[in-house]
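Asks: One structure coming up, written as structure tokens, with questions to follow.
Chains as they are written, first to last, in this note's numbering: chain B, 1476 to 1815; chain Y, 1476 to 1815.
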């Protein structure tokens, strides 16, 4: 967790640990790759057993497990390792709430690349990745996102769907822009039997959403619209358009233009619902939402984690009214919604 | 700081933040490279001024400063950034206690390289770097260490020197093995006017120690002994041999062999004083010392952060007696000393 230093307690350790913080990411990625958290869950948790289970050296496993214990992702007692509440629920692949697959995206080399020369990015003020960076058309990173990140953001699906559907009756047409894993649109379909979903994303990504729609048993109300959100004809008119984790990749003008295009595809009074990292106006809290700006600096030409005031201004400029903000409980996300 | 999660509070955020922890290191390295902490200290701390001072974009500086604020390395008030106690003392290059130069070593690509494929290292149980890894003869990383790390470990120099010199009178001959920046031996010379220091390290590294000895005004009592600690003739006999941050790079047998060689160069009753990361017997506390094992796993063939019991056993096997352990206040280090 991010713990700003209390004023008045200068700490060279904080500098040392920050310079070495990359080792935490590396240790967690290694443990996930070696399937260590499954082995921990299955016990008995001594070094020799774990090493055998993970096809690894005892020295390596012992040192990795000690490190993970230091950073709060394992526990150790009597020389044996076992789960913490966090690792048991969120890292053991046997847990239905496991988010370990998020490593496929968050730990992907392409996501971290710009951080190896972050000073250059700060100088230039935008990504140095080729083209549009992470949002370059058909960037394969989004297939990893779709396959890996679902469990991590899934906690927001139910509140988002409930907010988007609130008070609606009868047939509801939904466009899920940049659907990714598709879980947000799928959740709308699950909550409302008369909802039909059109999922828009690049072709390779839509295969993941399609699989998830099939698995959820709502395939008959699920249509695919392959292409770029900026280029394809949305069809419509829709009652709801979902824009989840999408606007933050773009600069304000691009967001406004997109919101206008969305509004044109909505019925009067229809809803454009974004799920976003929304920092407070101070831009330094809450920590995860505020820190997310750096990822957009590194990986996009002009994206950002926008405050509610900024998002509201975009919606207003694009012709919406009734703009609301609802933080999602137990999640770093906020649902911001405007009416066409 | 490392904050193990309290039992009973499962947190997907901890997983998310650990996967992204590498961004903290990158942000701090970028800020040091852009000389941001000097610009913050000189004020006024608004984005436009900082961007000008750092030759950077306003967008980049704003996002970087917000991020550094989130992780506790800057403060923000009324849209302006200023120092925290930690950044003021330990990161502003105008501060005599600045440790920012440690980034030269801790942030060096060569140090982090193995962490990009840490699972392989855990499988194999040792570094996959060529040769002896970080301790390969004449590895240029140690010049960066000598030039950069001094301020960070300097806090331990005075207690180490005091412990090593305790009760000694008259001429004292000191051998400083793997002297690096030389600051430990130099501090002995400063505390004891009749101490003469022989600094042993690879040639390129000794230049740094030599510069520091000159700057400290003790050059006339400072001799250079270039080469490998495992190969050169130590000369002697010495009253004190310093082995600072050295044993952890090697396996137990190598450490015992080296301690024997050191003992042969000590006067009877002479002192072999190590400065080490010494975890408790549980190997998971205190956090910095315990976490250090992972660096040795990644970068050496067989090194480790040894517990006091392990170090004591090495000393005993090498023929020492009266082995003591003294944690250094306000430092992650411990002085372990044995008598020949």
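Quick reminder that beta carbons are idealized off the backbone N, C-alpha and C, glycines included.
Only a predicted model underlies this, so the values are computations on that prediction, with no experimental measurement involved.
So, are the CB atoms of residue 1664/Y and residue 1670/Y less than 9 Å apart?
Replies: Contact flag set, yes.
Asks: Between the Cα of residue 1544/B and those of 1778/Y, 1767/Y and 1546/Y, spot the shortest distance and give me the residue it belongs to.
Replies: The candidate whose alpha carbon is nearest that of residue 1544/B is 1767/Y.
Asks: Under the rule that 16 or more other beta-carbon atoms within 10 Å means buried, what is residue 1796/B, buried or exposed?
Replies: Counting Cβ neighbours within 10 Å, residue 1796/B comes out exposed, since fewer than 16 surround it.
Asks: So, is the C-beta of residue 1541/Y closer than 9 Å to a C-beta in chain B?
Replies: Yes, residue 1541/Y counts as interfacial toward chain B.
Asks: Please classify residue 1758/Y as buried or exposed, where buried requires at least 16 other C-beta atoms within 10 Å of its C-beta.
Replies: Under this definition residue 1758/Y is a buried residue.
Asks: Since residue 1711/Y contacts residue 1815/Y with CB under 8 Å, what's their CB separation in whole angstroms?
Replies: Contact flag wrong, Cβ pair sits at about 10 Å.
Asks: Kindly give me the distance between the Cβ atoms of residue 1604/Y and residue 1589/Y, rounded to whole angstroms, as I take these residues to be in contact under 8 Å.
Replies: Rounded, the Cβ-Cβ distance is 6 Å, consistent with contact.
Asks: What residues of chain Y sit near residue 1551/B, judged by a beta carbon separation below 9 Å?
Replies: Within chain Y, the residues near residue 1551/B are 1757, 1758 and 1759.
Asks: Taking 9 Å as the CB-CB cut-off, is residue 1790/Y touching chain B?
Replies: No, because no Cβ of chain B sits closer than 9 Å to the Cβ of residue 1790/Y.
Asks: Since residue 1627/Y meets chain B, which of its residues come closer than 7 Å, beta carbon to beta carbon?
Replies: In chain order: 1487 and 1491.
Asks: Output yes or no for whether 9 Å exceeds the beta carbon distance between residue 1769/B and residue 1539/Y.
Replies: It is a contact, given that the beta carbons lie within the stated cut-off.
Asks: Of all the CB atoms in chain Y, is at least one closer than 9 Å to the CB of residue 1694/B?
Replies: Closer than 9 Å: no.
Asks: Over the uninterrupted beta strand (DSSP E) stretch that includes residue 1746/B, give me the two end residues.
Replies: That run of the beta strand (DSSP E) goes 1741-1751.
Asks: For residue 1707/B, does the count of other Cβ atoms within 10 angstroms reach 16, so buried, or fall short, so exposed?
Replies: By the 10 Å Cβ count, residue 1707/B comes out exposed.
Asks: Below 6 Å CB to CB, which residues in the same chain sit around residue 1778/B once its five sequence neighbours on both sides are set aside?
Replies: Cβ neighbours of residue 1778/B beyond the five flanking positions: 1723, 1724, 1725 and 1771.
Asks: Mind the definition here: the stretch 1673-1692 of chain B touches the stretch 1726-1743 of chain B only if three or more C-beta pairs lie below 8 Å; say whether that holds.
Replies: With the cut-off at 8 Å, the stretch 1673-1692 of chain B and the stretch 1726-1743 of chain B do not touch.
Asks: Could you name the residues of chain B that residue 1766/Y contacts, counting a contact when the two beta carbons are closer than 7 Å?
Replies: In chain order: 1542 and 1545.
Asks: Roughly how many angstroms lie between the CA atoms of residue 1697/Y and residue 1648/Y, to the nearest whole one?
Replies: Cα to Cα, residue 1697/Y sits roughly 10 Å from residue 1648/Y.
Asks: Look up residue 1648/Y in the DSSP assignment and say whether it is helix, strand or coil.
Replies: In the structure shown, residue 1648/Y sits in a strand (DSSP, three-state: E or B).
Asks: Out of curiosity, what's the CA-to-CA distance linking residue 1659/B and residue 1713/B?
Replies: Those two C-alpha atoms are separated by around 16 Å.
Asks: Within 10 Å of its beta-carbon, does residue 1534/Y have 16 or more other beta-carbons around it, so buried, or fewer, so exposed?
Replies: It counts as buried.
Asks: Can a CB atom of chain Y be found closer than 9 Å to the CB of residue 1476/B?
Replies: Low confidence applies here, because residue 1476/B scores a pLDDT of 41, under 50, leaving its location unreliable and the question unanswered by this model.
Asks: Any Cβ of chain Y within less than 9 Å of the Cβ of residue 1607/B?
Replies: Output row for residue 1607/B: interface = no.
Asks: Find the residues of chain Y that neighbour residue 1578/B, judging by a C-beta separation of less than 7 Å, and give them in chain order.
Replies: In chain order: 1494.
Asks: Kindly identify the DSSP beta-bridge partner or partners of residue 1715/B.
Replies: 1649/B and 1746/B, per the DSSP bridge assignment.
Asks: What separation, rounded to the nearest whole angstrom, lies between the Cα atoms of residue 1676/Y and residue 1702/Y?
Replies: Straight-line Cα distance between these residues: approximately 6 Å.
Asks: Please compile the residues from chain B whose C-beta is within a distance smaller than 7 Å of the C-beta of residue 1594/Y.
Replies: Correct list: 1505, 1508 and 1509.
Asks: In three-state DSSP terms, what is residue 1516/B?
Replies: Reduced to three states, the DSSP call for residue 1516/B is helix.
Asks: Roughly how many whole angstroms lie between the Cα atoms of residue 1546/Y and residue 1496/Y?
Replies: C-alpha separation (whole angstroms): 10 Å.
Asks: Run through the stretch 1780-1810 of chain Y for me and flag every whole beta strand (DSSP E) of 3 or more residues, listed as ranges in chain order.
Replies: Runs found: 1796-1802.
Asks: Closest by CA to residue 1773/B, which one among 1498/Y, 1789/Y and 1487/Y?
Replies: With distances taken between Cα atoms, residue 1773/B lies closest to 1498/Y.
Asks: So, using beta-carbon positions, are residue 1654/Y and residue 1684/Y closer together than 9 Å?
Replies: Yes, these two residues count as a Cβ contact at 9 Å.
Asks: For residue 1803/B and chain Y, any beta-carbon pair shorter than 9 Å?
Replies: No, because no Cβ of chain Y sits closer than 9 Å to the Cβ of residue 1803/B.
Asks: Taking 9 Å as the cut-off, decide whether the C-beta atoms of residue 1800/Y and residue 1634/Y are in contact.
Replies: No.
Asks: Mapping DSSP to helix, strand and coil, what is residue 1595/Y?
Replies: Residue state, collapsed to three classes: helix.
Asks: Cβ of residue 1633/Y less than 9 Å from any chain D Cβ?
Replies: Looking at the structure shown, chain D is missing, and the protein chains on hand are B and Y.
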